[in-house]
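Q:
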Amino acid sequence: MDPEAARLVALAEANAGPAAFEARPQVRGAWTAFLVLTLLSVVGWIGPFLTPAPLWAQGLAALWFGGWSGLFARLAWRVVAGARSPAGWALRAGPEGLKVNLRSHLNYRHPAEDAVVAILPRSRVRRLTFVEEGRRSYLEVGGWSDLEFARGAVDAEAARWSGFGLRSGRARHVPVTVEQGRLRIAWRDAARTLSPSPVAAEAALGRWFPMGRRLEADLAALASLPRTAQERRLGQMARSGEAVAAIALARELWGLNLTEARQRIDALASLDSATARR
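So the sequence shown is numbered by the numbering used here: it starts at 1 and just counts up by one.
1. I believe ALA203 touches ALA153 by the beta-carbon criterion, under 8 Å. Please report the beta-carbon distance rounded to the nearest angstrom.
2. Using 8 Å for Cβ pairs, my map puts ALA265 next to ALA229. What's the rounded Cβ distance?
3. Answer yes or no: does any C-beta atom of chain D fall closer than 8 Å to that of HIS173?
4. With three or more C-beta pairs closer than 8 Å as the rule, is the stretch 18 to 28 touching the stretch 50 to 65?
5. Is the separation between the beta-carbon of ALA73 and that of THR38 shorter than 8 Å?
6. Please state if the CB of GLN26 and the CB of SER240 are separated by a distance shorter than 8 Å.
7. Tell me whether ASN257 is buried or exposed, calling it buried when 16 or more other Cβ atoms sit within 10 Å of its Cβ.
8. Pull the bridge partners of ARG188 from the DSSP assignment, please.
9. Which residues in the same chain as ALA191 place their Cβ atom closer than 6 Å to its Cβ, once the five residues preceding and following it in sequence are excluded?
10. Using a Cβ-Cβ cut-off of 6 Å (strictly less than) and excluding sequence neighbours within five positions of GLU140, which residues of its own chain qualify?
11. Where do the ends of the beta strand (DSSP E) carrying ALA23 lie?
12. Mark SER104 as exposed unless 16 or more other C-beta atoms lie within 10 angstroms of its C-beta, in which case mark it buried.
13. Candidates VAL42, ARG28, THR32 and PRO226: which alpha carbon is nearest GLY67's?
14. Using only alpha-carbon positions, find the residue among TRP56, LEU91, TRP64 and THR32 that is nearest to TRP45.
15. Throw me the rounded Cβ distance for the ALA93 and LEU205 pair, which I believe falls under 8 Å.
16. Which partner residues of ILE119 appear in the DSSP bridge assignment?
17. Can you say whether VAL199 is buried or exposed, counting buried as having 16 or more other CB atoms within 10 angstroms of its CB?
18. Comparing alpha-carbon positions, which option in ALA245, ALA238 and ALA217 lies nearest TRP208?
19. Relative to the C-alpha of LEU91, which candidate in LEU40, VAL176, ALA33 and LEU75 has its C-alpha closest?
20. Can you tell me the Cα-Cα spacing of ALA221 and ALA250, whole angstroms?
21. Can you tell me where the alpha helix (DSSP H) holding GLY94 begins and where it ends?
22. My assumption, with CB atoms under 8 Å, is that VAL125 sits in contact with GLY97. Please give the rounded CB distance.
23. By alpha-carbon positions, which one of TRP89, LEU120 and LYS99 ends up nearest to ASN107?
24. Using DSSP with H/G/I as helix, E/B as strand and the rest coil, what is VAL176?
25. Rounding to the nearest angstrom, what Cα-Cα distance links PHE49 and LEU40 in this structure?
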């Protein structure tokens with residue numbers, strides 16, 4: 001295992017403070033569902049007693065309609081409360097790297113001091129890619145050479161499940177998965193939709209990380225060019241504020257490690273700057 005891996009999964013969020021970027025579950029739909037279901041629950045409990053039906057029938061109707069509406073209102077509130085809780089965030093990012101919450105917002109009550117957060121320094125993020133699969137969408141994180149430590153944390157969190165039992169009330173929702181060498185963050189699935197949208201998130205995260213779809217397009221455009229033309233283009237990108245993307249492209253095109261790619265791009269940017277001044 002990578003010797004740095006042990007410190008990349010923490011039981012509490014490192015570097016506490018406001019994040020430059022934060023993704024949280026949307027609550028507008030859950031708020032609407034909670035209000036409607038609460039109203040139906042009240043009507044369900046009171047309405048039957050305003051009818052001329054026998055008392056036993058009134059009681060059964062109230063128990064049936066009011067009870068079911070109240071139960072679903074409680075579940076809707078759980079979504080709202082989880083998304084708004086301090087532990088309800090899904091992804092935080094900034095110049096220092098990524099912090100991924102491995103616990104579902106539906107399990108926000110279990111317990112805050114035992115939160116499971118995967119921390120990935122910026123230097124380890126090779127690319128971020130939004131993937132659409134039917135009605136679901138994911139953010140794939142590429143760059144971890146060893147995902148076993150993350151897989152262990154995800155499996156440990158999943159092992160605490162117990163459905164909606166009275167003992168812990170844990171929801172069976174897995175917001176992060178590790179499969180086929182990729183870490184995937186559910187952006188839209190059956191239990192949540194994160195805000196901001198993938199388009200807005202891609203624009204924000206692109207300030208610090210190479211974004212997969214653009215990276216693939218740039219690679220396709222550069223791959224057929226001679227080495228001198230590739231170097232000239234990457235130098236221009238670095239000078240125009242796209243150093244992160246230029247470094248990622250250099251790694252992909254020339255098989256460099258991060259340090260080598262950064263040094264090469266810095267040299268190309270300096271050379272391009274000197275050429276531009278002539």
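Glycine included, every Cβ here is placed at the ideal spot set by N, Cα and C.
What you are looking at is a predicted structure, and each value in this text was computed from that prediction instead of being measured.
A: Taking the coordinates as given:
1. Rounded, the Cβ-Cβ distance is 29 Å, inconsistent with contact.
2. Reading off the sequence shown, one finds Ile at residue 265, where the question assumed Ala. Actually they do not touch by this definition, with Cβ atoms about 15 Å apart.
3. Chain labels in this structure do not include chain D; a single protein chain is all it has.
4. no
5. yes
6. no
7. exposed
8. SER137 and THR193
9. HIS173
10. THR129, VAL131, ARG182 and ARG184
11. 21 to 25
12. buried
13. VAL42
14. TRP64
15. 6 Å
16. LYS99
17. exposed
18. ALA245
19. VAL176
20. 13 Å
21. Segment 91 to 94 is the beta strand (DSSP E) holding GLY94; no alpha helix (DSSP H) there.
22. 7 Å
23. TRP89
24. strand
25. 15 Å
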